[in-house]
Amino acid sequence: KMQTLADISVSITTLATMQRSVPCEWSLILISRGPCSLFGVTTCYFLESLMLASLSVSFANVIICMVARFWILRFGSLSRAKVLAAFIICLLLPAV
């Protein structure tokens, strides 16, 4: 469920922001052309940060699932405590 919610969030925010990145010497200029530009710059930056956080959750979820599958193949089972710890790491990773 978490992967699906992250993917839906990424899709919606990507459609809403439609960011263009323009490199200018040592700076990076972001130009928003999507529907978020109707609501202001703050909304566009908020949606962009939400998209990046959702991508981070999605990436962490894929990595944790791969590690869990390899763990099960190697050792045969996975305890509830380890699954809960992986879930908490996946939730806290975008905050870092």
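Heads up: the sequence shown begins at 27 in my numbering, then just goes up one per residue.
C-beta atoms are modelled at their ideal positions from N, C-alpha and C, and glycine is treated no differently.
Roughly how far, in whole angstroms, is the beta-carbon of residue i from the beta-carbon of residue j, given that I think they are within contact range, below 8 Å?
{"i": "L56", "j": "S47", "result": "6 Å"}
Report the rounded CA-to-CA distance for residue i versus residue j, giving the unit in angstroms.
{"i": "S35", "j": "Y71", "result": "15 Å"}
{"i": "S75", "j": "T68", "result": "11 Å"}
{"i": "L110", "j": "V93", "result": "14 Å"}
{"i": "V83", "j": "A32", "result": "7 Å"}
{"i": "S80", "j": "F113", "result": "15 Å"}
Between the Cα of residue i and the Cα atoms of the options, which residue gives the shortest distance?
{"i": "S63", "options": "T43, A79, C50", "result": "T43"}
{"i": "K27", "options": "R106, V88, I98, A107", "result": "V88"}
Who are the near neighbours of residue i in its chain, counting only those whose CB is closer than 6 Å to its CB and skipping five residues on each side?
{"i": "R59", "result": "M44"}
{"i": "T39", "result": "L73, L76, M77"}
Below 8 Å CB to CB, which residues in the same chain sit around residue i once its five sequence neighbours on both sides are set aside?
{"i": "M115", "result": "According to the sequence as given, residue 115 is Ile; it is not Met. Around I115: A86, I90."}
8 Å is my cut-off, CB to CB: does residue i come that close to chain C?
{"i": "S37", "result": "In the displayed structure, chain C is absent; only one protein chain is listed."}
Using a Cβ-Cβ cut-off of 7 Å (strictly less than) and excluding sequence neighbours within five positions of residue i, which residues of its own chain qualify?
{"i": "L54", "result": "S47"}
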